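As structure tokens, the structure follows; a few thoughts come after it.
Residue numbers (my numbering): 209 to 291.
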């Protein structure tokens, strides 16, 4: 009889540990979701700023010059009308 009571107590204690670990994992998952959302916002802002910089560089480039900017190898052509 004592063995069963001990086994039940061990199972109950283990289930409590698992419930606590589940709560911690849920908290970490929520925090990770928030961090990923902030990271995405920053990434979008950075890409938009880079795009604006590339466009400005293209506008300021000499006529018909191809600009290769950064490691992105993005090429912007600026064509001026000759008429």
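We put the beta carbon where it would ideally sit given N, CA and C, even for glycine. Since we're looking at a predicted model, the values are computed, not measured.
**Message:** With H, G and I counted as helix, E and B as strand and the rest as coil, what does DSSP make of residue 229?
**Reply:** helix
**Asked** residue 209 by DSSP, collapsed to three states: which one?
**Response** coil
**Message:** Please report the straight-line C-alpha distance between residue 265 and residue 235, rounded to a whole angstrom.
**Reply:** So the two alpha carbons sit approximately 45 Å from each other.
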